[in-house]
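Residue numbers (my numbering), protein chains in the order written: chain R, 6 to 273; chain S, 6 to 273. Below is one structure, written out as structure tokens, with a few remarks after it.
Protein chains: 2
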Amino acid sequence: MDFVSRVAELSSTHGPLCVGIDPSAESLAGWGLADSADGALEMGRVILSALAGRVGIVKPQIGYFERFGAAGYAAVESLIHEARSAGLLVIADAKRGDIGSTMESYASAWLEAGPLQCDAMTVSPYPGFEALEPAFRAAEHARGAVFVLCATSNPDAPTVQAARTDGVSVSALIARRARERSRNTQSVGVVVGATRSLESSGLTDGDLDGLLVLSPGFGAQGAALSDLATIFGAAAPRVIPTVSRSVLGAGPAAVGAAIDNHLRELGL
Amino acid sequence: MDFVSRVAELSSTHGPLCVGIDPSAESLAGWGLADSADGALEMGRVILSALAGRVGIVKPQIGYFERFGAAGYAAVESLIHEARSAGLLVIADAKRGDIGSTMESYASAWLEAGPLQCDAMTVSPYPGFEALEPAFRAAEHARGAVFVLCATSNPDAPTVQAARTDGVSVSALIARRARERSRNTQSVGVVVGATRSLESSGLTDGDLDGLLVLSPGFGAQGAALSDLATIFGAAAPRVIPTVSRSVLGAGPAAVGAAIDNHLRELGL
């Protein structure tokens with residue numbers, strides 16, 4: 006079954022929510038865990054336990070593991086394996102982007118059989134959309150998905166994303182290219198932050214027509230899950246909203262309850 | 006001593022050449038090494054031995070290590086440590102780019118004390134220039150450097166890099182922001198590919214005035230080191246040209262000779 010179908014199947018029982026695993030120094034301290042690979046592994050396992058029966062998609066943020074070097078990678082390898090074994094879809098939030106055989110290597114790392122294999126990864130298109138092709142091909146082969154960074158919500162996002170070619174913003178161009186590329190395989194989606202309106206990101210809901218959209222920015226970062234339809238309009242049914250800090254901030258004993266609150270905000 | 010001064014000091018004895026460590030599946034096979042973390046470590050050690058007394062700067066391409074997961078990271082940790090212990094400057098070619106505390110984590114991983122600490126890293130500005138600020142601050146603190154991806158040489162580079170804001174291309178805007186940011190500390194440089202002319206990348210040598218420039222694309226990728234001054238004009242004295250495939254392609258017994266050939270092309 007391909008990624009889109011698996012998301013649809015999981016959504017029919019759990020809704021579309023995705024929960025992040027973000028073992029930052031701050032969140033580990035808040036949980037009374039060591040700021041180490043072991044602490045990150047422990048936090049990840051508590052989150053995975055709380056997801057069982059509640060949520061179908063999980064997103065480890067790779068930067069928080071990389072700061073521990075090889076030990077951090079061993080931790081995220083374990084979490085990826087445990088999550089997939091439990092039937093969860095795993096999206097590696099890695100935002101990799103390079104050209105040629107380097108891009109092939111990143112795609113191989115996160116999408117092909119191996120210690121870090123996930124169901125999907127995020128990529129960054131500064132080198133150009135076509136440069137990401139090795140990841141699209143790897144995703145097709147594995148029946149996984151690639152989410153291309155399209156519009157972020159940070160104040161300086163327009164430096165690059167609002168620049169224009171023939172009147173079309175970079176963010177809209179990336180969405181259009183993703184739509185073209187995904188027409189046959191649906192293995193290509195986009196990342197669009199939720200705390201900025203589509204309009205102020207240079208997008209319309211039509212630009213996202215037919216695309217899976219991974220959307221961070223809900224919960225502690227400011228956007229309300231109950232506003233998902235308002236923010237994304239016609240694209241809302243294909244949005245995978247992600248929450249991280251609001252769930253981690255609840256503390257280890259209340260992760261499940263925090264997720265339940267978010268599911269209620271989604272009307273589930 | 007800060008990064009620019011160290012580059013200047015190393016250049017006065019060795020010239021500005023930087024050699025890549027790119028253990029791709031293809032290059033490992035060419036060397037008769039296993040396509041594994043051990044093979045990558047072995048290849049890296051042979052390259053480091055050949056650099057001694059010849060070259061002062063080395064650039065591991067992180068994607069080629071990441072495909073081996075934690076074992077690959079253990080290999081690159083060892084190589085970084087061995088290279089820095091031998092007095093080499095190490096640039097992590099990681100092209101990380103994200104926002105907020107995730108960017109802080111990537112900066113921490115590659116620039117702060119820890120198993121992966123290097124002298125410099127490459128970053129990707131799709132999320133905006135300001136989003137990279139945690140890396141600039143970490144580089145200042147460590148007296149290292151950050152090279153911001155500016156202009157790549159692949160055919161589809163213009164999708165993003167040639168888009169314009171008030172008539173200024175994204176690539177020129179990134180160079181300008183880097184110049185502003187580096188004015189006080191010189192800890193910020195840019196990555197500009199050598200196989201496309203500055204003009205066709207939307208840049209002039211003036212846009213690179215005062216900036217350190219890390220430039221891949223020499224050797225097997227097509228640009229001649231003897232043309233460095235022609236390609237970069239007034240910016241040439243601050244360019245760190247990198248070679249990888251032409252050195253690896255020579256095979257393990259001829260790495261030193263291949264480097265010597267490149268040094269001659271630079272007139273050294």
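Beta carbons are placed, not taken as given, at the ideal position from N, Cα and C, and that holds for glycine. The structure displayed is predicted, hence computed values, not measured ones.
So Gly198 (chain S) and Ala156 (chain S) are supposed to be a Cβ contact under 8 angstroms. How far apart are they, rounded? Translated into positions along the second sequence, residue 198 (chain S) becomes position 193. Translated into positions along the second sequence, residue 156 (chain S) becomes position 151. Indeed they touch by this definition, with Cβ atoms about 6 angstroms apart.
Contact with chain R by Leu154 (chain S), beta-carbon distance below 8 angstroms: For the purposes of this step, residue 154 (chain S) is identified with residue 149 of the second sequence, where counting begins at 1. Yes, because at least one Cβ of chain R sits closer than 8 angstroms to the Cβ of Leu154 (chain S).
For Ile85 (chain R) versus Met126 (chain R), is the C-beta distance shorter than 8 angstroms? Along the first sequence, read from residue 1 onward, the residue named residue 85 (chain R) stands at position 80. Along the first sequence, read from residue 1 onward, the residue named residue 126 (chain R) stands at position 121. It is not a contact, given that the beta carbons lie outside the stated cut-off.
Segment limits, alpha helix (DSSP H) that includes Gly194 (chain R): Counting from one through the first sequence, the residue named residue 194 (chain R) turns up at place 189. That residue, Gly194 (chain R), is in no alpha helix (DSSP H); its beta strand (DSSP E) goes Val193 to Val197.
Could you check which residue in S:Pro246, S:Ser129 and S:Leu33 has the C-alpha nearest to that of Gly103 (chain S)? For the purposes of this step, residue 103 (chain S) is taken as the residue at position 98 of the second sequence. Here residue 103 (chain S) turns out to be Asp, not Gly, going by the sequence shown. Here the closest residue by C-alpha is S:Ser129.
Considering just the uninterrupted stretch of the beta strand (DSSP E) at Gly25 (chain R), what are its terminal residues? Here residue 25 (chain R) refers to the residue found at position 20 of the first sequence. Residues Cys23 to Ile26.
Contacting residues, own chain, Cβ-Cβ under 6 angstroms from Ser231 (chain R) (five flanking each side not counted): Taking the first residue of the first sequence as position 1, residue 231 (chain R) is located at position 226. Only Glu270 meet the Cβ criterion.
Alpha-carbon spacing of Tyr111 (chain S) relative to Arg72 (chain R), whole angstroms: One-based indexing of the second sequence puts residue 111 (chain S) at position 106. One-based indexing of the first sequence puts residue 72 (chain R) at position 67. Roughly 7 angstroms separates the two Cα atoms.
Contact check, Leu121 (chain S) vs Glu185 (chain S) under 8 angstroms by CB: the rounded distance? For this step, residue 121 (chain S) is matched to residue 116 along the second sequence. For this step, residue 185 (chain S) is matched to residue 180 along the second sequence. In fact, because the Cβ distance is near 29 angstroms, the residues do not count as touching under 8 angstroms.
Comparing C-alpha positions only, which one of S:Ala88, S:Glu135 and S:Val63 sits nearest to Glu109 (chain S)? Counting from 1 along the second sequence, the entry for residue 109 (chain S) is found at position 104. Here the closest residue by C-alpha is S:Glu135.
Under 9 angstroms by beta carbon: chain R residues contacting Gly44 (chain S): The residue given as residue 44 (chain S) occupies position 39 in the second sequence. The premise fails here: Gly44 (chain S) is roughly 14 angstroms from chain R at the closest Cβ pair, so nothing lies under 9 angstroms.
Can you list, in chain order, the stretches of the alpha helix (DSSP H) that have 4 or more residues and sit fully within the segment 106-163 of chain S? 138-147
For a cutoff of 8 angstroms on Cβ pairs, would you count Arg72 (chain S) as touching chain R? Taking the first residue of the second sequence as position 1, residue 72 (chain S) is located at position 67. Chain R contact via Cβ: present.
On the three-pair Cβ rule with 8 angstroms, is the segment 49-58 of chain R touching the segment 60-71 of chain S? no
The alpha helix (DSSP H) spanning Val252 (chain R) covers which residue range? Numbered from its first residue, the first sequence carries residue 252 (chain R) at position 247. For Val252 (chain R), the enclosing alpha helix (DSSP H) begins and ends at Arg250 to Leu253.
If contact means a Cβ-Cβ distance below 9 angstroms, which residues of the segment 51-79 of chain R contact chain S? Gln66, Ile67, Gly68, Tyr69, Phe70, Glu71, Arg72, Phe73, Gly74, Ala75, Ala76, Gly77, Tyr78 and Ala79
Spatial distance of Leu203 (chain S) from Ile236 (chain S) (CA atoms): Counted from its first residue, the second sequence places residue 203 (chain S) at position 198. Counted from its first residue, the second sequence places residue 236 (chain S) at position 231. Rounded to whole angstroms, Leu203 (chain S) to Ile236 (chain S) spans 7 angstroms at the Cα level.
Using the three-state DSSP reduction, which class does Val60 (chain R) fall into: helix, strand or coil? Taking the first sequence and counting its residues from 1, one reaches residue 60 (chain R) at position 55. Coil at Val60 (chain R), not helix or strand.
CB-CB under 6 angstroms to Ala167 (chain S), same chain, minus the five flanking residues each way: which ones, in chain order? Reading the second sequence from its first residue, position 162 is the one you call residue 167 (chain S). So the list reads Ser174 and Gly207, once near-sequence residues are dropped.
Just the Cα atoms here: how many angstroms apart are Gly261 (chain R) and Leu268 (chain R)? Along the first sequence, read from residue 1 onward, the residue named residue 261 (chain R) stands at position 256. Along the first sequence, read from residue 1 onward, the residue named residue 268 (chain R) stands at position 263. Spanning the two alpha carbons is a distance of roughly 10 angstroms.
Mind checking the segment 112-144 of chain R against chain S and listing, in chain order, the residues whose C-beta falls within less than 7 angstroms of any C-beta there? Listed by position, the residues of the segment 112-144 of chain R near chain S (Cβ gap below 7 angstroms) are Ser113, Ala114, Gly119, Pro120, Leu121, Ser129, Pro130, Tyr131, Pro132, Gly133, Phe134, Glu135 and Ala136.
Applying the 10 Å Cβ sphere with the 16-neighbour rule, what's the burial state of Pro132 (chain S)? Residue mapping note: residue 132 (chain S) aligns to position 127 of the second sequence, counting from 1. Looking at its Cβ environment, which holds 16 or more other Cβ atoms inside 10 Å, Pro132 (chain S) is buried.
How long is the line joining the alpha carbons of Ala118 (chain R) and Pro139 (chain R), rounded to whole angstroms? Within the first sequence, the letter at position 113 stands for residue 118 (chain R). Within the first sequence, the letter at position 134 stands for residue 139 (chain R). Looking at the two C-alpha atoms, the distance is approximately 15 angstroms.
For Glu47 (chain R), return the contacting residues in chain S, with the cut-off set at a CB-CB distance below 9 angstroms. For this step, residue 47 (chain R) is matched to residue 42 along the first sequence. Within chain S, no residue comes near Glu47 (chain R); the closest Cβ sits about 17 angstroms away, beyond 9 angstroms.
Looking at the structure shown, is Arg182 (chain S) part of a helix, part of a strand, or coil, going by DSSP? Here residue 182 (chain S) is taken as the residue at index 177 of the second sequence, counted from 1. Under the three-state reduction of DSSP, Arg182 (chain S) is assigned to helix.
Using a Cβ-Cβ cut-off of less than 9 angstroms, list which residues of the segment 166-186 of chain S approach chain R; keep chain order. Gln166, Ala167, Ala168, Arg169, Thr170, Val173, Ser174, Val175, Leu178, Ile179 and Arg182
With 16 other Cβ atoms within 10 Å as the buried cut-off, status of Glu293 (chain R): Residue 293 (chain R) cannot be examined here, being either before or after the span of chain R that is shown, 6 to 273.
In chain order, what residues of the same chain lie with their CB nearer than 8 angstroms to the CB of Ala229 (chain S), ignoring the 5 residues before and after it? In the second sequence, residue 229 (chain S) corresponds to position 224, counting from 1. Result list for Ala229 (chain S): Phe223 and Glu270, in chain order.
Using beta carbons (cut-off 8 angstroms, strictly below), is Ile104 (chain R) in contact with chain S? The count along the first sequence starts at 1 and reaches residue 104 (chain R) at position 99. Contact of Ile104 (chain R) with chain S is assigned, a C-beta pair being separated by under 8 angstroms.
Against chain R, which members of the segment 203-214 of chain S pass a CB distance test of less than 7 angstroms? none
Any C-beta of chain S under 8 angstroms from that of Thr200 (chain R): Here residue 200 (chain R) is taken as the residue at index 195 of the first sequence, counted from 1. Thr200 (chain R) does not count as touching chain S.
Measuring CB to CB, does Gln226 (chain S) end up less than 8 angstroms from Arg250 (chain S)? As a working note, residue 226 (chain S) is residue 221 in the second sequence. As a working note, residue 250 (chain S) is residue 245 in the second sequence. For Gln226 (chain S) and Arg250 (chain S), yes; Cβs fall inside 8 angstroms.
Could you tell me the distance, in whole angstroms, from the CA atom of Leu33 (chain S) to the CA atom of Gly254 (chain R)? Indexing the second sequence from 1 puts residue 33 (chain S) at position 28. Indexing the first sequence from 1 puts residue 254 (chain R) at position 249. Roughly 45 angstroms separates the two Cα atoms.
In chain R, which residues lie less than 9 angstroms from Asn159 (chain S) when you measure between Cβ atoms? Sequence index remark: in the second sequence, residue 159 (chain S) carries index 154 (1-based). The answer, in chain order, is Ile104, Gly105, Pro132, Gly133, Glu135 and Ala136.
Beta bridge counterpart(s) of Ala99 (chain R) as assigned by DSSP: Translated into positions along the first sequence, residue 99 (chain R) becomes position 94. According to DSSP, which records beta bridges pairwise, Ala99 (chain R) is partnered with nothing at all.
Under the DSSP definition of a beta bridge, which residues are partnered with Thr190 (chain R)? As a working mapping, residue 190 (chain R) is identified with position 185 in the first sequence. Paired residues: none, contrary to the question.
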